[in-house]
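Protein chains in written order, with the numbering used here: chain W, 44 to 266; chain P, -13 to 345.
No residue lacks a Cβ here, since even glycine has one placed at the ideal position from N, Cα and C.
Just so we're clear, the structure is a prediction, and the values are computed from it rather than from any experiment.
Everything on this sheet refers to the single structure shown next.
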Amino acid sequence: MILAIDSSLGSSVAVVDPATDEVRAQADSASPRGHAEVIGTLLERALDEAGVAPADITHVAAGMGPGPFTGLRIGIAAARAFATGRGIPVVPVVSHDAAALEHLAGDPTGAFAIVTDARRRENAVSTYSGLDDAGIPVRTGGPDLVPSSETRHIRRDEAESAGSEGISAISPHLGTTTSIAAGAVGILAARSIRAGRIPDIAEPLYLRAPDAKLPGPVKRVST
Amino acid sequence: MNRIEPLVLGIETSCDETGIGIVRGRTLLSNTIASSMDEHARYGGVVPEVAARAHLEALQPAIERAVAEAGVRLDELDAVAVTSGPGLAGALMVGVGAAKALALALGKPLYAVNHLVGHIAADIVTPETEPLEYPTIALLVSGGHTSLLHVRDLTSDVELLGETIDDAAGEAFDKVARILGLPYPGGPQIDRAAEGGDPAAIRFPRGLSRASDLERHRFDFSFSGLKTSVARWIEQREQAGDEVPTADVAASFREAVVDVLVTKALDACASRGVPRLLLGGGVIANRRLREVALARAAERDVTVRIPPLSLCTDNGAMIAALAAQLIASGREPSTLAFGADSTLPVTEIQVAEREAVTA
Ligand SMILES: [Zn+2]
């Protein structure tokens, strides 16, 4: 069984059966804050509803973002700690890929973009084109940060014709994605394990350097 | 759960040290610390986002190292403990998220505890010492806090007597080091610069020590005015074309900090009739502070306890030790419904304690 955790937007925890890609249970909190408060309860609920004991978990899938730093880290910290506790591997997943997988379930063709709010008037954008033979969305670009003003008013046909080139010209005909389902994160992890292509993502997809100013010269205090 | 000598793993991420500690009752088995201090050096102080990122990277390897060093298996633990606050919110959350998941993965109870009270618990797992007697006054001094506590019982009765109203003492060392053109962290740098200097050369102000301040702030600290006063003194020297006697400035500044810390701590001992003083926090590494505290306490028949430095700086062993004491005193574990509380008051020794099930 795969335990999947994503806190890149809200908080989501799921248990996925890797033999069937069935989402056995998923527990969510939509709030973009309070990830540390809810993560334990969501883990407990997902395991409970799936009727699965921690000892039955063989892999932990972690949504690596992109997402606002503070919340994103909580899910990854929880995924790594759970895996350490059980002595099992962590399978990193790009959170946008999970949103793409859900979109492709309805329409498995065509190019499109997954856009999430990255705060500070920027969006995180990834572009996709269909599924590969392992059933994993083909990411043609991103995730990258794009000013919100450039991703707002463009239509679907433009998105499709822009292809993998200018992400900044592509738009969300899907609108902005506001939640990531851990179930989809878990399915992607199952597929990447089966395909023997576990992505090598060691660090969260912060997409931004930390806010830190180098100190200037010492200011005078005398007047 | 073994309530007499519980095996506890503690997770501490409130500032820039990722601390994982393992204790069995009062016995220290591992005190693993991964510090991101070097990454903050060029910024002249702890950058919260840099610290939080470093915690996430350090956590898993630190847990594995601690377990290996302690020679135990994770499934043997009786409980997991974590710092809920006070501290840097984003940094604390990494530890909270990890602790909840670790406890659930292992099916073990979780204890969410207070960082400052943890500093007091460091004394308990100090090797080869008799247990601390209560009550005691505790002076906790670091880059993040400067607090004076009256500890009547570690698990149930800790009172905040006073704390800094502006900079922490460690911050004052960092800021004055920068004024003197010395690198971060400032404590050891000031110590080195003060060598051969005269601590009585310049009479820098002792914050909140005038009679008019003592009424309201008898046990509070203030270091921001001291820092400004050092800067002004140096500027005046430079303006007059005189050389700045760095060793004298460093020694006199350090003396002002040490004097006010020790004076207020011993005043607390006297006013509460408590002949015991426990020191904690990273600034305790400062040798002059230890010397003055020991000498002046001896004159007043106050016994001073100083845990080894590795247990004075932020660490996970003190968090595990506090939880072990809470378990031994019969406290229930915390629920999963708590978060990081950057301003957690010292009176909240454990957060989100589950209600006892009555049969
Ligand atoms: Zn501390």
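Check: Is there at least one Cβ from chain W nearer than 8 Å to G227(P)'s Cβ?; Outcome: no
Check: If we define contact as Cβ-Cβ less than 8 Å, is T113(W) a contact residue for chain P?; Outcome: yes
Check: Over what stretch of residues does the beta strand (DSSP E) that includes F155(W) continue unbroken?; Outcome: A154 to D160
Check: Within a Cβ cutoff of 6 Å, which residues of the same chain sit near L275(P), ignoring the five residues on either side of it in sequence?; Outcome: V244
Check: State yes or no: is the C-beta of F125(W) within less than 8 Å of the C-beta of L88(P)?; Outcome: yes
Check: Quick check: is the beta carbon of D64(W) nearer than 8 Å to any beta carbon in chain P?; Outcome: no
Check: Pick out every residue whose C-beta is nearer than 5 Å to a heavy atom of ligand 1: which are they, in chain order?; Outcome: S128(P) and D300(P)
Check: My output table needs one value for L194(P): the three-state DSSP class, helix, strand or coil.; Outcome: coil
Check: Can you pull the chain W neighbours of I49(P), defined as C-beta to C-beta under 8 Å?; Outcome: A124 and T127
Check: Taking just the CA atoms, how far does D287(P) sit from R39(P)?; Outcome: 46 Å
Check: So does the stretch 93 to 113 of chain W actually touch the stretch 47 to 56 of chain W, counting three or more Cβ pairs closer than 8 Å?; Outcome: yes
Check: Reducing DSSP to helix, strand and coil, say where Q78(W) ends up.; Outcome: Looking at the sequence itself, residue 78(W) is His, so the reference to Gln does not match. Reduced to three states, the DSSP call for H78(W) is helix.
Check: Is the distance from the Cβ of F205(P) to the Cβ of L252(P) below 8 Å?; Outcome: no
Check: Is the distance from the Cβ of E116(P) to the Cβ of H131(P) below 8 Å?; Outcome: no
Check: Within a Cβ cutoff of 6 Å, which residues of the same chain sit near I110(P), ignoring the five residues on either side of it in sequence?; Outcome: R12 and A307
Check: Quick one: using the 10 Å Cβ neighbour count with 16 as the cut-off for buried, is D153(P) buried or exposed?; Outcome: buried
Check: Along the beta strand (DSSP E) that carries E157(P), what are the first and last residues, could you check?; Outcome: That residue, E157(P), is in no beta strand (DSSP E); its alpha helix (DSSP H) goes A155 to I165.
Check: For E170(P), tell me which candidate among G31(P), L(-5)(P) and A323(P) has the shortest Cα-Cα distance.; Outcome: In the sequence as displayed, the identity of residue 170(P) is Tyr instead of Glu. Comparing Cα-Cα distances from Y170(P) to each of G31(P), L(-5)(P) and A323(P), the minimum goes to G31(P).
Check: Given this structure, state the Cα-to-Cα distance separating E208(W) from I244(W), to the nearest angstrom.; Outcome: With a pLDDT of only 44 at E208(W), under 50, the local geometry of the prediction cannot be trusted, and no value is derived from it.
Check: With burial defined as no fewer than 16 other Cβ atoms inside 10 Å of the residue's Cβ, what is the status of T152(W): buried or exposed?; Outcome: exposed
Check: Whose CA, out of V162(P), R192(P), D234(P) and H203(P), lies closest to the CA of A180(P)?; Outcome: D234(P)
Check: So which residues of chain W does L330(P) contact, with C-beta pairs closer than 8 Å?; Outcome: Within chain W, no residue comes near L330(P); the closest Cβ sits about 13 Å away, beyond 8 Å.
Check: Between L322(P) and T84(W), is the Cβ-Cβ spacing less than 8 Å?; Outcome: yes
Check: Skipping 5 residues on each side, what residues in its chain have a beta carbon closer than 6 Å to that of H78(W)?; Outcome: S50, S54, G114 and I117
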